[in-house]
Each structure stands twice: as structure tokens, then as C-alpha cells.
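Each residue of the sequence shown is one higher than the one before, counting from 181 in this note's numbering. For each residue, glycine too, the CB sits at the ideal point set by N, CA and C. Here is the structure we will look at, set down as C-alpha cells.
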Amino acid sequence: ALAELAETFPEALIGVAAPTGGERERFGSFGSRVRFGPEALVELASIPGTVVVNGVVGSAGLGASVAALEAGNRLALANKESLVAGGPVVLDALRRGGGELIPVDSEHSALFQCLVGERSRDVRRLILTASGGPLRSKTRDEIANVTPAEALAHPTWSMGPRITIDSATLVNKGFEVIEAHHLFGMEYESIDVVVHPQSIVHSLVEFEDGSLKAQIGEPDMRIPIQYAITYPNRERGGGRFDLAGKTLTFFEPDGEAFPAFGVVLEAGRRGGSTPAAVNAADEIAVRAFLDGRLGLLGIASVLEQTIERIPTIDVDTVDDVLAVDAEARAVASSLIGGAC
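Structure follows, in C-alpha cells:
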């Protein structure tokens with residue numbers, strides 16, 4: 181797909197962070213337009229006057245996010261791990277570089293849109309909606325025996341394997357609470373989550389006068405992606421949304437059935453390096469689950485034990501975050517190897 185885009189847009193520069201031998205050969209034909217290696221994304225994101233859409237999965241996207249903001253660029257951020265693992269580092273780059281940070285996640289795009297033109301002092305709380313994932317109707321005992329195939333069968337979104345499993349465990353929603361905390365400067369006590377199976381209300385803002393503002397629409401990621409690129413303008417796209425016949429339901433997430441959600445929230449409250457640790461541990465635990473080496477409920481155990489074993493410290497640079505990331509991966513791997 182990347183090669184096809186490069187052919188379609190002959191002026192575009194190309195970055196391949198971890199190329200295989202075949203990719204080096206294929207992309208090598210683009211000559212000076214292509215960059216290879218871990219610094220490729222950082223180099224491209226640093227080009228001034230660029231709108232950078234960061235959709236990298238995992239903490240590998242952090243460096244590019246920081247580079248884009250330090251260069252004064254607009255960062256359309258879909259890589260939530262940048263803010264989860266390195267929130268203070270990203271916000272510092274935003275302040276120093278004078279760039280723009282526009283969220284692409286549907287929930288955070290919804291909050292951003294609801295907050296345009298509003299005063300922060302008038303906001304009482306943010307309400308993130310969650311589809312609940314493929315396991316929302318299951319009990320804890322049922323979830324204990326879920327297979328990877330069942331957990332990957334998301335009812336609403338077509339996503340990569342890690343984020344789909346994170347949706348099934350509600351880890352993804354915990355990450356989104358941390359992301360909202362950094363994006364909008366709200367305390368954790370003022371950020372709530374409700375399960376909304378229809379995925380039509382993408383998030384809500386409650387104001388001090390008791391009124392609510394919601395962003396509503398079809399679950400179509402093209403909308404928040406386009407908004408982040410064209411803001412403050414809205415370009416024509418998509419069809420008309422028909423409200424007739426729609427039923428909207430909301431309920432509280434089940435903390436007993438989805439214990440990893442609570443672990444991630446606790447990591448966020450501790451702050452500092454702990455969100456980076458829980459993010460790295462989750463990546464290791466999800467891979468173990470997909471490989472059949474860990475049960476789904478075991479993910480919560482790995483996350484909890486990892487953040488208990490790694491002290492919370494301040495993170496001021498990308499290198500600080502990556503050091504914690506490496507330590508947490510090692511701890512999580514040892515826990516899984518020892519069956520927790």
C-alpha cells in the first residue's frame with residue numbers, strides 16, 4: 181500500500197522504519213525520496229510546514245510525534261501511545277515548538293470538537309464512550325476462556341490485532357482516559373467512561389450548568405482523520421446521517437469482568453513513568469495472548485505486577501520513556517515466562 185501511494189504521489193517522501201530485505205529492494209527504486217531506519221520517521225516529521233499524521237502503532241511513534249511538534253508542525257495524532265507513554269514529553273515539545281496537536285482517535289476528536297469555542301472553566305467532566313468490544317456481554321468466567329479468534333472479532337471497527345485485543349480488555353479505553361487527561365488538561369476524577377454499543381455517540385462533554393454536548397455520527401474514521409487535517413475548516417464528505425429509528429444505549433463498564441481497565445487507570449493516576457511501563461507491558465502481554473501463552477485475564481495480572489515492580493520516576497525526554505519501555509518489556513516477559 182505504501183509503495184502504491186508513493187507511485188500515486190511522486191512528490192512525496194517515504195519513510196520505512198524497519199525494512200525487510202524485500203522492502204529495501206522495492207523502495208530503493210524511489211531513490212532519494214526514501215529514508216530507511218529508525219530515524220526515518222523522525223526525519224520526515226521534522227520537515228517544517230508539514231501536516232504529520234502519526235498512525236504508528238506502539239511507543240515507536242513517540243519520536244516522530246515529538247519531532248513534528250518541535251518543528252512547529254500540525255500533528256494529527258492517531259498514535260495514542262505517544263501521549264500514554266510520553267505525555268509530559270509530547271506536551272513539552274508542543275510548548276517549545278509552537279506546533280498544533282489535533283487528535284485523530286474518534287473519541288478525542290469528538291471531545292476536541294465539542295470543546296471548540298468553550299471555556300475550560302465551564303467544563304465539568306469529559307465522557308468517553310466505548311463500544312465495549314466483542315466481549316461486552318460476557319461474564320468474567322466466560323472471558324477467562326476466550327480464544328484469540330473470539331477476542332479479535334470486533335463488532336464495530338476493523339483494526340490491527342493489538343488494538344482489537346486492547347478493545348476487548350478495555351485497556352484501550354484506559355489508554356484513552358490517559359490521552360484525554362493530557363490533551364485537555366482534565367483531572368482523572370473528571371473523566372468518565374460509558375459503554376455505548378452502537379458507537380454513534382463518539383464522546384460527550386458535560387458543562388457546569390448541567391448541559392451536555394455530544395459529537396454524533398457513523399463510526400467512520402475518515403471523518404476524524406479529515407477533520408484533523410483540515411481544521412478549522414470542514415470539507416464536504418460522507419453521506420447524511422439518519423437519526424430515525426436509531427436506539428442509543430449506555431451502561432457502566434464492568435470492572436470485575438475487565439480488570440485490566442482499572443490497572444491502566446491506576447497507572448495513569450500514578451503518572452510519571454508508570455503509563456509508559458503499563459503500555460509496554462501490555463504490548464508484551466497481548467502478543468503472549470495471541471500466541472496462546474497467556475489467558476485474556478492474565479493480561480491484567482501482567483500489567484499490575486509490572487507496574488508494581490517498576491518505581492514511578494519522572495520522564496523528561498524520549499530516551500527516558502524508551503528506557504522505561506525496555507525495562508517494562510523485560511519484566512513483563514519474565515512474568516509471562518514464569519506464568520505470572
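Just verifying my parser: in three-state terms, what is the DSSP assignment at residue i?
i	result
N459	helix
N352	helix
V196	strand
S317	coil
L263	helix
H382	strand
G372	Inspection of the sequence shows that residue 372 is occupied by Asp rather than by Gly. In the structure shown, D372 sits in a strand (DSSP, three-state: E or B).
D500	helix
R304	strand
A186	helix
R299	coil
V466	helix
V495	coil
A222	Sequence check: residue 222 is Val here, not Ala. Residue state, collapsed to three classes: helix.
F421	coil
V232	strand
C520	Any reading at C520 must be qualified, since the residue scores a pLDDT of 49, below 50, and its modelled position is unreliable; the value itself is stated next. Residue state, collapsed to three classes: coil.
F438	coil
D471	coil
G238	coil
S347	helix
S481	helix
I405	helix
F210	coil
E507	helix
H288	helix
L363	helix
A324	coil
G390	coil
D272	helix
For residue i, which residues in the same chain have their Cβ closer than 7 Å to its Cβ, ignoring the five residues on either side in sequence?
i	result
S245	N234, L255, L257, N259, S262, V270
V264	F355, I358, E359, P455, N459
C520	Below a pLDDT of 50, predicted positions are generally treated as unreliable, and C520, at 49, falls in that range; no measurement from the model is reported.
R449	Y368
P218	A197
H334	G313, P314, T344, S347
Could you name the residues of the same chain whose beta carbon sits closer than 8 Å to that of residue i, not counting the 5 residues immediately before and after it, in chain order?
i	result
G208	V214
D272	D496
P433	A310, G312, L350, K353, V373, V374, V375, F441
A506	A460
S513	I464
What residues match up with residue i in a beta bridge as DSSP calls it?
i	result
E280	R254
A310	V375
N413	Answer by DSSP bridge pairing: none, since N413 is not bridged.
Q395	S383
R215	G195
F431	V375
What residues in its chain sit with their C-beta under 6 Å from that of residue i, if we drop five residues either side in the sequence?
i	result
V231	R254, I409
P199	F216
L332	T344
F292	P283
R509	A460, I464
E191	none
F364	none
R423	Before going on, a small fix: residue 423 reads as Leu here, not Arg. There are no such residues.
L249	L255, A273, L274, G277, G279
I487	A447, T454, A457, V458
P399	T336, S379
Can residue i be considered in contact with the ligand ADP, in the sense that its beta carbon sits closer than 8 Å to one or more heavy atoms?
i	result
A248	Looking for the ligand ADP in the displayed structure turns up nothing, as the structure carries no ligands at all.
For this session: Decide yes or no for the touch test of the region 367-383 against the region 269-288: beta carbon pairs closer than 8 Å, at least 3 of them.
Result: yes
Exercise. Is there contact between the region 268-283 and the region 298-317, where contact requires at least three CB pairs shorter than 8 Å?
Worked result: Counting Cβ pairs under 8 Å, fewer than three are found: no touch.
Exercise. Can at least three beta-carbon pairs, one atom from the region 341-350 and one from the region 423-443, be found at a separation below 8 Å?
Worked result: Yes, the region 341-350 is in contact with the region 423-443.
Exercise. Within the chosen definition, does the region 316-330 reach the region 472-482 through at least 3 CB pairs nearer than 8 Å?
Worked result: Judged by Cβ distances under 8 Å, the region 316-330 makes contact with the region 472-482, as three or more pairs qualify.
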